[in-house]
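A.B. asks:
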Amino acid sequence: MLLLIQYTFIFASVLVLVALGGCFSEHSGVINIGLEGIMVMGALGGALMMKYLPLGLAAPLVIFLVILASVLVGMLFSLLLGVAAIHFKADQTLVGTALNLLGPAAAVVLVRAINTAESVDNVSSAVSYGQAKKAFLVNIGRFEFNWFMLIALLLLIVSYVVLYKTRFGLRLCACGEHPQAADSVGINVYKMRYAGVLISGALGGLGGLVYITAGVSEWKFENGVAGFGFLALAVMIFGQWKPVNIGLAALLFGLFRALSNVYTGFDLLVALKLPSTVYNMLPYIISLIVLVFVSGKSRAPKAEGIPYDKGQR
Amino acid sequence: MSRTVKEKESILRNSGFQTIIASLLCIVIGLLVGYIVLLVINPGGAGKAIMAILKNFLYYPSPIAAMKYLGTTLVKTSALLMCSLSVLFAYKVGLFNIGAAGQYVVGAGACLYFALRLGMPWYICLLSAVLVAAVVGGISGALKAYFNVNEVISCIMLNWIGLYSVNMLLTQVKEQSTPYTKALSSTNKSALLPKLGLDRLFSNNEFVTVGVPLAIAMAVLVWVVLSKTKFGYELRATGMNKHAAKYCGMREKRNIILTMMIAGGLAGLGAGIFYLTGIEQWMVQLTAVPAMGFNGIAAAFLGGLHPVGTIFASYFIQHITSGGTYVDKTMYCTQISDLISAFIIYLCGFVLFFRIWLNRFLDKRDEKQAAKDRKGGEA
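Residue numbers (my numbering), protein chains in the order written: chain P, 196 to 508; chain A, 714 to 1092.
1) Using the three-state DSSP reduction, which class does P:E499 fall into: helix, strand or coil?
2) Between the Cα of A:A976 and the Cα atoms of A:T1034, A:S841, A:K781, A:V848, which residue gives the shortest distance?
3) Under a Cβ-count criterion, where at least 16 other Cβ atoms within 10 Å of its own Cβ denotes burial, should A:M714 be classed as buried or exposed?
4) In the DSSP assignment, what are the bridge partners of A:T790?
5) Just the Cα atoms here: how many angstroms apart are P:N310 and A:G747?
6) Reducing DSSP to helix, strand and coil, say where A:R716 ends up.
7) Would you decide whether P:G506 is buried or exposed? Buried here means 16 or more other CB atoms lie within 10 Å of its CB.
8) In whole angstroms, what separates the C-alpha of A:G910 from that of P:V392?
9) For the beta strand (DSSP E) containing P:A321, name the first residue and the last one.
10) Report all residues from its chain with a CB closer than 8 Å to the CB of A:G1016; omit the five preceding and five following residues, and keep chain order.
11) If contact means a Cβ-Cβ distance below 8 Å, which residues of the segment 854 to 884 of chain A contact chain P?
12) Any Cβ of chain P within less than 7 Å of the Cβ of A:Q1031?
13) I'd like to know whether the C-beta of P:D316 is nearer than 7 Å to at least one C-beta of chain A.
14) Would you verify that the beta carbon of A:C1046 is, or is not, closer than 7 Å to some beta carbon of chain P?
15) By how many angstroms is the C-alpha of P:Y406 removed from the C-alpha of P:E339?
16) I need the DSSP call for P:V405, collapsed to helix, strand or coil.
17) Count the CB pairs spanning the segment 212 to 222 of chain P and the segment 284 to 302 of chain P that are closer than 8 Å, and state whether there are at least three.
18) Residues bridged to A:K1088 by DSSP?
19) What does the alpha-carbon distance come out to for the pair A:D1086 and A:K1077?
20) With 9 Å as the C-beta to C-beta threshold (strictly closer), list the residues of the segment 238 to 270 of chain P near chain A in chain order.
21) For the alpha helix (DSSP H) holding P:I335, just list the boundary residues, first then last.
22) Start and end of the beta strand (DSSP E) containing P:E339?
23) For the segment 392 to 449 of chain P, which segments carrying the alpha helix (DSSP H) assignment without a break, of at least 4 residues, lie completely within its bounds, in sequence order?
24) Does the pairing of the segment 235 to 255 of chain P with the segment 725 to 741 of chain A give three or more beta-carbon distances under 8 Å?
25) Quick one: list the residues of chain A neighbouring P:D504, beta-carbon separation under 7 Å, in chain order.
26) Report the residues of the segment 458 to 474 of chain P with a CB closer than 7 Å to any CB of chain A, ordered along the chain.
27) Keeping to the same chain, check which residues put their C-beta closer than 7 Å to that of A:I929; ignore five residues upstream and five downstream.
28) Taking Cβ positions, are A:G820 and A:G875 nearer each other than 7 Å?
29) So, does the CB of A:A1012 fall closer than 7 Å to a CB anywhere in chain P?
30) Just to confirm my understanding: we take A:K857, look at its own chain, exclude 5 residues before and 5 after, and list those with CB closer than 6 Å. What are they?
31) Buried or exposed: where does P:E313 fall if 16 or more other Cβ atoms within 10 Å of its Cβ makes it buried?
32) Going by DSSP in three states, A:K908 sits in which element: helix, strand or coil?
33) Below 7 Å on C-beta distance, what does A:A1055 contact in chain P?
34) What does P:G371 reach in chain A if we use C-beta pairs closer than 7 Å?
35) Could you give the distance in angstroms between the alpha-carbon of P:A429 and the alpha-carbon of P:S482?
36) Using beta carbons (cut-off 7 Å, strictly below), is A:F730 in contact with chain P?
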């Protein structure tokens, strides 16, 4: 049971971070389908940082540097979306999809190049980081507390405050609802949209890092992040683009995802004799069902997905 | 003199010509980026590696071997072409079918199950692949039409559900000692697609079957349906403006569902004509959806969203993907081709901007020319 709570919290943290990323981007008016790719790149940045950090650094420093690496790589990668969608008026779904393909491919090429350079026979696409990962974990009794759970909670609160209580957040939302009106009162729509995309890159990259450090100590980049970027988008829609609702939705989805890891610990579930594949499918099936119920009265930002054209009124 | 200038302009303004230029530019820049990545990884063999990717089957010096591997590339191209037609068909109706990958997966699952478990002949297997994939596509369509569920997200969810289900289903027909499904040639020969003597054209490559010409015929059929029939016109009208289509008396909900069913069926057919050649067995422990459906997106956009264009674009994407297996593996890995095709998709996002820019540039040039002519006349 404790294990189930632990996994639920860690997967919920991933989903909260990435879904908040999507939330910022969409409130600024840019649909970010590419979160999956951004997660992979952020994970890659963090994993490489953990691999190359010298042993014996103080834990807070390790945490800071690793997070910094994944956030920066995520932001850099999200700029590809920003430039294409904001300045070149590209189809945002197309570019986002390209990021999803580009992220894993680039990560595999890079990791394999590093592994092959170390030894010619090593053709795996895995990075291991068992030692450095310990900095993130604190054992409280039998509960393995991960600092990311706290960070996710704090960022959720910060996001709420930023989006609803600050000038920046309200302006951001204005750009996603009616960019022409926002422009007419002197808000730079392009700048705001870049801000939205960059924040989503930072949060998405961080989410990717949390995902690969949840439970394992090496990551095969061939696997990408198994559709988590899209689950996060489902969480965002379920949460109706509002931070608090997103937090609750993430807990629910995290629970179903955690079940596939730990269902063997429950006599009741084992007695059902379902194959493990069913539990793997569960989060995706649940999200489809949830989407059916919430998409009808969707509160999506009105101008999302539409490139802003100054000349249009 | 002035006449030749005019003719040149009219070519530049031709939208088909602009599409070709844009696609070629995407390819050149994509390859260049790939080359730079190779240079960064290991400057020593970069030139050789990019040549290996571009050469693909020409890597073999003997023409007989080269023909054989050209055949293999064509078989894979036919599957890719079907996936890209699936993406294209949906996109023409305003839907982004990122689920081609999942529809391809369930198509593969259905045809292999019918062939290996139920011992059906090839045409039944092919039909089952098309129908099951059409149903999966139709689910996304129905969710979009009735519940306003974003088709991209529902498609991704169905990709994963499909992958896990197919793995579970095909575990029943796998070899005892390996995670691969049984070979068609030893289990059920009647499920292999007929060859019609095509294998002899490609140095007896047994995998070249009726699937290759079938895929090309489907591309032409999609083109005819979309641009020459009332049905295709209705679908495109629905894609451009759902509400206007409804106002004109078109059943927009039915059109959306039908579109996704056809798109799914096309992807399923692609899986059928690939797996029923026996060229590859399904690995029941796959943890990621095969790249075929995603590469289909690249091919569709690179082909300028024209069915005939996608034939060439599919071939190119498959050519470099297959070519990727010939790079020197002590330095690079085969995924470099995936990186290049992913970057090409990214660049396709800029095509619209490129065309606007080109037209604006031409307008300006014409204005200047006109101003000059006027001045010349006055003097």
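Cβ coordinates follow ideal geometry from the N, Cα and C atoms, glycine included. Computed from a predicted structure; not experimentally measured.
C.D. replies: The relevant details are as follows:
1) In this structure, P:E499 counts as coil in the three-state DSSP scheme.
2) When each option's Cα is compared against that of A:A976, the closest is A:V848.
3) Unreliable placement is indicated for A:M714, whose pLDDT of 42 sits below 50; the coordinate value is still reported in the next sentence. Answer is exposed; the Cβ neighbour count stays below 16.
4) Note: A:T790 sits in no beta bridge, so no partner.
5) The alpha-carbon atoms of P:N310 and A:G747 are separated by roughly 19 Å.
6) For A:R716, the predicted structure reports a pLDDT of 48, less than 50, and the residue's modelled location is therefore unreliable. The matter cannot be settled from this model.
7) P:G506 should be labelled exposed.
8) Straight-line Cα distance between these residues: approximately 55 Å.
9) According to the DSSP assignment, P:A321 belongs to the beta strand (DSSP E) that extends over 321 to 323.
10) Cβ within range, chain order: S736, S797, L801, G1022, T1023, I1024, F1025, A1026, S1027.
11) From the segment 854 to 884 of chain A, only L856, F860, N861, V862, N863, V865, I866, S867, I869, M870, L871, N872, W873, I874, Y877, S878, N880, M881 have a Cβ closer than 8 Å to chain P.
12) So no, A:Q1031 is outside the interface.
13) It does not; no Cβ of chain A falls within 7 Å.
14) Contact with chain P is found for A:C1046, since one of that chain's Cβ atoms lies less than 7 Å from the residue's Cβ.
15) In this structure, the straight-line span from the alpha carbon of P:E339 to that of P:Y406 is close to 15 Å.
16) Reduced to three states, the DSSP call for P:V405 is helix.
17) Result no; under three Cβ-Cβ pairs closer than 8 Å.
18) As computed with DSSP, A:K1088 is found in no beta bridge at all.
19) Roughly 14 Å separates the two Cα atoms.
20) Under the 9 Å Cβ criterion, the segment 238 to 270 of chain P contributes no residue.
21) For P:I335, there is no enclosing alpha helix (DSSP H); the residue is part of the beta strand (DSSP E) that begins and ends at 332 to 335.
22) For P:E339, the enclosing beta strand (DSSP E) begins and ends at 338 to 341.
23) When DSSP assignments are scanned along the segment 392 to 449 of chain P, the uninterrupted stretches of alpha helix (DSSP H) that are 4 or more residues long and fall wholly within it turn out to be 423 to 433.
24) The segment 235 to 255 of chain P, when compared against the segment 725 to 741 of chain A, does not touch it at the 8 Å Cβ threshold.
25) Proximity of chain A to P:D504 at the Cβ level (cut-off 7 Å) is not reached, the minimal Cβ distance being about 11 Å.
26) The residues in question are P470, T472.
27) Within the same chain, I1024 come within 7 Å of A:I929 by CB-CB distance, once the 5 residues on both sides are set aside.
28) Not closer than 7 Å, so no.
29) Judged by the 7 Å Cβ criterion, A:A1012 is not in contact with chain P.
30) Cβ within range, chain order: E864, I969.
31) Counting the other Cβ atoms within 10 Å of the Cβ of P:E313 gives fewer than 16, which makes it exposed.
32) Three-state result, A:K908: coil.
33) Contact annotation for A:A1055 against chain P: A293, L296, L297, A300 [CB-CB distance below 7 Å, chain order].
34) Those do not exist, as P:G371 stays about 16 Å from chain A at its closest Cβ, beyond 7 Å.
35) Going from the Cα of P:A429 to the Cα of P:S482 covers about 6 Å.
36) Taking CB atoms only, A:F730 has no neighbour in chain P less than 7 Å away.
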